[in-house]
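Participant: Residue numbers (our numbering), protein chains in the order written: chain A, 1 to 540; chain B, 1 to 343.
All C-beta atoms in this analysis are idealised placements derived from N, C-alpha and C, irrespective of residue type, glycine included.
All values reported here derive from a predicted model rather than from experimental measurement.
1) From A:516, A:341, A:502 and A:498, pick the residue whose C-alpha is nearest to that of residue 443 of chain A; which is it?
2) Buried or exposed: residue 527 of chain A, going by 16 or more other Cβ atoms within 10 Å of its Cβ?
3) Just to confirm my understanding: we take residue 249 of chain A, look at its own chain, exclude 5 residues before and 5 after, and list those with CB closer than 8 Å. What are they?
4) Please list the partners that residue 339 of chain B has in chain A, where partner means a Cβ-to-Cβ separation under 8 Å.
5) To the nearest angstrom, how far is it from the Cα of residue 129 of chain A to the Cα of residue 159 of chain B?
6) Under a three-way DSSP split, which group does residue 51 of chain B fall into?
7) Is residue 373 of chain A close to chain B, meaning its C-beta is less than 9 Å from at least one C-beta of that chain?
8) For residue 254 of chain A, would you say it is in contact with chain B, using Cβ-to-Cβ distances shorter than 9 Å as the test?
9) What did DSSP end up calling residue 13 of chain B once you bin it into helix, strand or coil?
10) Give every residue of the same chain whose Cβ lies closer than 7 Å to the Cβ of residue 28 of chain A, excluding the five residues on either side of it in the sequence, and list them in chain order.
11) List the residues of chain A whose Cβ lies closer than 9 Å to the Cβ of residue 318 of chain B, in chain order.
12) Could you please give the first and the last residue of the uninterrupted alpha helix (DSSP H) stretch that includes residue 382 of chain A?
13) If I measure Cβ to Cβ from residue 355 of chain A and keep anything under 8 Å in the same chain, skipping five residues before and after, which residues do I get?
14) Given that a residue counts as buried once 16 or more other Cβ atoms are within 10 Å of its Cβ, and exposed if not, what is residue 3 of chain A?
15) Identify the contact partners of residue 216 of chain A in chain B, using a Cβ-Cβ distance below 9 Å as the criterion.
16) I'd like the list of long-range same chain contacts for residue 61 of chain B, defined as Cβ closer than 8 Å, with 5 residues on each side in sequence excluded.
17) Quick check on DSSP: helix, strand or coil for residue 347 of chain A?
18) DSSP three-state label for residue 304 of chain A, please.
19) Please report the distance separating the alpha-carbon of residue 9 of chain A from that of residue 463 of chain A.
20) Are the CB atoms of residue 150 of chain A and residue 195 of chain A nearer to each other than 9 Å?
21) Alpha carbon to alpha carbon, how far is residue 86 of chain B from residue 74 of chain B? Give it in angstroms, no decimals.
22) Does the beta-carbon distance from residue 398 of chain A to residue 310 of chain A come in below 9 Å?
23) Any chance the stretch 321 to 335 of chain A sits against the stretch 29 to 42 of chain A, with 3 or more Cβ pairs inside 8 Å?
24) Check distances from the C-beta atoms of the stretch 67 to 84 of chain B to those of chain A and list, in chain order, the residues that come in under 7 Å.
25) Shortest alpha-carbon distance to residue 217 of chain A belongs to which of A:436, A:193 and A:304?
26) Residues of chain B with CB closer than 8 Å to the CB of residue 246 of chain A, please, in chain order.
27) Could you tell me the distance, in whole angstroms, from the CA atom of residue 454 of chain A to the CA atom of residue 405 of chain A?
28) Using 10 angstroms around the beta-carbon of residue 469 of chain A, count the other beta-carbons present and answer buried if the total reaches 16, otherwise exposed.
29) Would you kindly report the start and end of the unbroken alpha helix (DSSP H) that includes residue 194 of chain B?
30) Compute the Euclidean distance between the alpha carbons of residue 474 of chain A and residue 115 of chain A, then round it to the nearest angstrom.
31) Three-state secondary structure (DSSP) at residue 24 of chain B?
32) Pick out whichever of A:350, A:252, A:371 and A:348 has its Cα sitting closest to the Cα of residue 359 of chain A.
33) Cβ of residue 10 of chain A less than 9 Å from any chain B Cβ?
34) Quick one: measure Cβ to Cβ for residue 415 of chain A and residue 382 of chain A, integer angstroms, because I've assumed they're closer than 8 Å.
35) Please report how far the alpha carbon of residue 58 of chain A lies from the alpha carbon of residue 357 of chain A, in whole angstroms.
36) What does residue 278 of chain B pair with, by DSSP beta-bridge criteria?
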């Protein structure tokens, strides 16, 4: 990966999945995609331009469908000719398939140019009419390629000679065949053999045939003797001549290919530029297509160190919920402070919100439309998510060990403009020490340029001055009786029940508030063993 | 009626030619069809199912298994074969189907000459090039197929199939007839009609695995090839088993393992097609006696048989007698000697 985002975070926030959904249609676009890099602080204008293009392409896909389909259809047939172009530049003669591909590329430039003329995209392709004429000398407009006779008078002459010789060969063969048939009364079969069955009456004939200058004895077995016609001197000469003309034809074709190749290499730069632009357009439309799928919008870039998302959605979480016929609540979140703390009930969507923020910022910086109603943000130098990940165990680290290691690395970049997302800071150790470490981490990040978002169940952390505290609304408006009725009436338990009773929205909490105590309620809604829960309530 | 007249009468648009072995006259049959269609001004399309590995001279690497094509013939062959072709080829289309010799190119011979055919190896690839050649005006598409495990897809995707047999496969007419008859029977295996079993069997075949169908469900037995697991499969079969499905090639040993399973005559043995089955005549007879029902997912339309009475090792039969004997043994399947036909 890169210094903007580590592989773990890339996967965990769902960026990998989003990237996999970007599917360029030709290898030029796929190549462009493989070189996609995030826009880092300082490149605001470039990102703005890129997002404008993607947003415009999304508009085209939605409102000029026919044109978009046409563009996609052209692009999906484009071949990467850059390898051939480089070969052409090295002075080699391109082969006929390569010439065919370049000819097609030229036609595709025309078609694409015609479509792009109807749009306001600031990337274009440049048709090369002169080269087109060279590869389609008879101006047939056909996409096929052949070294036609019209390429050189010599080629035409050679091919005519070739045809004449072939005709003479056929005549000579026919007459030889007739002569053999007339002399010996046997025909030549399609394998070019004469098979004579043995028999007392055939001995004379067979010996005559063996001595005939017109025949070659091939082999025999118990039942038959097999001969082949001996080519006449004329036939041999004709075949030699044909071979020579075939060589001449190949030579002349080579000269023509060499000349065409030289012509092509004169247009090397413009052909390469066209290839690049097709790649860019392909990737733009692929990004726009994702934008359509997730109902994305163009995020607004600003210089103030703030991330303000309204109606933000995590597409993967949303899709998974929809499959279970559950609702996803779009989240409003305003990160306008160096450290923002999110607290709230279990199953209240804290982690999902954290990942949503990470995903939307990452997508925006990769020039993608974001799934939200609106988003204002400033570019980040890196995005970091600390949270559950199976890989720590493989590295011989406990959850706590892994967390400490990764947050430690992030602290090294504390002066950088980052987006630091920490899921349940220091939860993997004893609460008194956990709170102490967490408080210290918050103090460290509080004075820095990064925007840090931390979810926690340590209510004490919300008391640290200078942080913003957001709380999941949770099951606040629901009393236990309502829950019980709900369970009784609908007979539903578990995630479904929670989903219908949970208010996932965030509210900013100022000053002292009692910590939410909803874990037992949630467990009850999940259908946890009632006796155990009753016991738990006694301990409270 | 000549072989070519039969092809025309049956309105065959795509035809595969399969040889029982080397030197059974498959190429002669192919040349015959090329010649006949040229005479009638039919636009011919040629390709092969993969590339016949046996034809390549590994030691000298010089011998090119080429075929002569007249002007106007459509071709689907690998890029490398097009570039090195003796026939001059107009490039019509690049299918992007990849092979070790480059992508499959659709071309048209503009100057007659020799060309090597190295077509797609998969059935989807063959289907695609058949359709593309039809789009470019091909009236009869011929696929040079091979009877080996690697590139056996052709007969199931063409309208009709011609099987070539000859003296090269046996020392007596009787043994040649027995071997040919077995292959003809395997090519004529009945299609599995039961749509539920069919659906499930298709899934197993798609994954090229071995499995069973029972109680409207399918189960894949193991990943290995059919060669090893005849015994293993017999362990998981009971009276509820509806079908044993073999995704890959079916061999003698595998079938012999199955023969003693108690319910085997109640169970369908399902294979993809008749090209994928390789067993001896004696095994097949035992299977038939045991009442085993072998069914295929993709049936083959066997149009005719061509015979070659000459063997390269020197064993020759009287052409007329050879043709007559095989003809009566194979009745009602049409049998031709395309060499005799011309005489």
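Facilitator: A quick look at the data gives this:
1) A:341
2) exposed
3) 155, 158, 159 and 162
4) 189, 190 and 191
5) 44 Å
6) coil
7) no
8) no
9) coil
10) 78, 80, 275, 278, 279 and 282
11) 197, 223 and 224
12) First-last for residue 382 of chain A: 382 to 386, but that is the beta strand (DSSP E), not the alpha helix (DSSP H).
13) 12, 13, 14, 314, 317, 385 and 421
14) exposed
15) Here the premise fails: no neighbours, minimum Cβ distance about 17 Å.
16) Confidence at residue 61 of chain B is low in this model, with a pLDDT of 42, below 50, so the placement of that residue is unreliable and no value is reported for it.
17) coil
18) coil
19) 29 Å
20) no
21) 15 Å
22) no
23) no
24) 79, 82 and 83
25) A:193
26) 86 and 113
27) 17 Å
28) buried
29) Per DSSP, residue 194 of chain B belongs to no alpha helix (DSSP H) and is neither H nor E.
30) 52 Å
31) coil
32) A:371
33) no
34) Actually they are not in contact, since the Cβ atoms of residue 415 of chain A and residue 382 of chain A sit about 12 Å apart, beyond 8 Å.
35) 23 Å
36) B:251
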